[in-house]
Amino acid sequence: MSEYLLGRIDEFPEGKGRAFTAGTRTVAVFRSNGKVYAIANRCIHKGASLCDGMLAEGGKVVRCPWHNWAFDLESGEQCLDRREKIRTFEVKLVGDQVILCA
Amino acid sequence: MMNELKPADLSELKRAEAVSPDPINPKIRTLQVIDTDFHFSPKWDTLRNYLKEPFKSRLFHFPVGSLEYNPEPANEKPGVGQDTHGTAATGADVLRVLDQFGTDIVVLNPGYNRPQAIFNEPVIAAIASAHNDYLIEEVFPASDRIKANLMICHRDPQMGADEIRRVGHHKQFIGVFTSFSGLFEPLGCAKFDPILDAMAEHDLVLTSHSEGWFPHFSPLWTGARTWIELFGNAPAGNAMAHLAAMICQGMFDKYPKQKVIFQEGGYWWLPDFMLRLDDFFMSSSGDIALVERKLASGERNLKKLPSEYVLEHVRFSTQPITIPKNRKHFAWMLELSHAADLFCFSSDWPHQTMDPANWVVENPDCIGDEMQKKILSGNAHKLYGSRLQYFGVTQDGG
């Protein structure tokens, strides 16, 4: 596990996803309701980039841009089948800087 | 356990690189990919210019057939079901999407199937002619990577045949589009022979595309209420009905060179379908002598087992693929459905259930290199023959 600097918090507009490479991983990062979330970018259904997804359910879930699968940003669980899960990553705020632990 | 970070330590951290990930598997871009089902939707203002009179001056709006009940409004994302992933209305639009998804050659289908449900055959035929003329004049010249199934009014077989004879010679038309929509009888019935006669003259593949949940054509679906029933389930039952009629009513005996590609009607039902038809054929084939084509030819039965017609004449486009979690099950399903020889990749772009080609190369334990190439392009080359030629990428994907 390493820590990566993602940028200033104001570079993450509310409700819009951004993708980053951290080591060998590609991670989708969302700012929603003032909090920053990081999840694996690749949808477990058919491989879409979740960073292009739409936030829904009051900003608690991201919907895949290809087939509408919904994932809980906090837990990574598929909302209709909690046994299906994508990986989530810890995000910290230090001053105005966003730090990813991946 | 993470150490507590202080602002002074930040300069020592690695910086993650912001990226725009390409969701298409890199291997896809090294192989030749033929998309056998891609929906093309010219704007009404464009299409109207190609309408002949009196339709041009009398049709002010795009006519759509009644669905009676359509669950699309219940979907949270606007446009779900039709143009969810965009709209291709020009040749340039098509080429942009092909590059986005790593596709080399595309077979366009009319993007709007609902006109087939209008109860006015001349209107459908006029729209079909306008659609075909627009393709010839403005879309095909953009690239020979673009092929298409020509649009007809399939509910009136003679009108359909006339349109095939009018434009079927164009080298970028490689098949004829029909959908399950708008038909009270399956396409295998002898009343559709004028369409097949005209197709045989031009060596065109028959595309039999999903739809047919419209309640006035399939009364059973009047009772369906949900997206899953109407869009997820109904097409498979309709596909089986069309295919069984083609086989049992002697279509392939009368047209021994005719090939058919089924689209969006599923295929995992094939093992049972083939075994069941063969079994019933062995025990109860007496009434086959009484169908129109057999009465006309004087033949008393089919020339082959029903399952043999499937293997010889019928192919299936792959979208929407459903993959079980159990790897053995997936391998068995592919084998039992003869996927290596019958499956032709399709995306169904831009509809909601659109499939990029990733799945073909991301299951190497079940789909090896050779089968990947056959599904992505080889089987389509065999199906469409020389009409699929273009001068960009070789057949081996080199």
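As they're listed, the protein sequences go chains U and L.
Just add 2 to the spot in the first sequence (first one is 1) and you have our numbering.
Just add 1332 to the spot in the second sequence (first one is 1) and you have our numbering.
Backbone N, C-alpha and C define an ideal beta-carbon position, used for all residues, glycine too.
Fair warning: this is a prediction, and the values are worked out from it, not measured in the lab.
- Between the alpha carbons of R89 of chain U and V1351 of chain L lies a gap of roughly 19 Å.
- Shown here for Y39 of chain U: same chain residues with a beta carbon closer than 6 Å to its own, the five before and five after excluded, namely F32 and L75 in chain order.
- Between the alpha carbons of D54 of chain U and N43 of chain U lies a distance of about 9 Å.
- K1589 of chain L and A1532 of chain L have their C-alpha atoms roughly 8 Å apart.
- Note that the segment 1481 to 1497 of chain L touches the segment 1450 to 1462 of chain L; at least 3 beta-carbon pairs, one per stretch, sit closer than 8 Å.
- Remark: C-beta atoms of D1476 of chain L and V1365 of chain L do not approach each other more closely than 8 Å.
- T23 of chain U reaches chain L at A1348, E1349 and V1351, counting residues in chain order whose Cβ is nearer than 7 Å.
- In the DSSP assignment, K94 of chain U falls within the unbroken beta strand (DSSP E) covering T90 to V96.
- Pairing S1511 of chain L with G1630 of chain L, the inter-Cα distance amounts to about 31 Å.
- By the neighbour-count definition (other C-beta atoms within 10 Å, threshold 16), F1648 of chain L is a buried residue.
- For the set L:K1705, L:E1702, L:Y1587 and L:C1580, the Cα lying nearest the Cα of M1606 of chain L is the one of L:C1580.
- Looking at the backbone, the Cα of N1441 of chain L and that of R1719 of chain L are separated by about 16 Å.
- With fewer than 16 other CB atoms across the displayed protein chains lying within 10 angstroms of its CB, F1451 of chain L is exposed.
- Between Y1641 of chain L and F1584 of chain L, the gap from beta carbon to beta carbon is short of 8 Å.
- Counting other Cβ atoms within 10 Å of its Cβ, S1550 of chain L reaches 16 or more and is therefore classed as buried.
- Of all alpha-carbon atoms in L:P1386, L:Y1587 and L:S1615, the one lying nearest the alpha-carbon of R1625 of chain L is that of L:Y1587.
- Assigned with DSSP and collapsed to three states, V29 of chain U falls in strand.
- For D1377 of chain L, the closest C-alpha among the options L:P1447, L:H1683, L:S1389 and L:R1557 is that of L:S1389.
- DSSP, read as helix, strand or coil, puts H1645 of chain L in helix.
- For P1551 of chain L, there is no enclosing alpha helix (DSSP H), as DSSP marks it with neither H nor E.
- Residue environment: P1652 of chain L is assigned as buried (16 or more neighbouring CB atoms within 10 Å of its CB, all protein chains considered).
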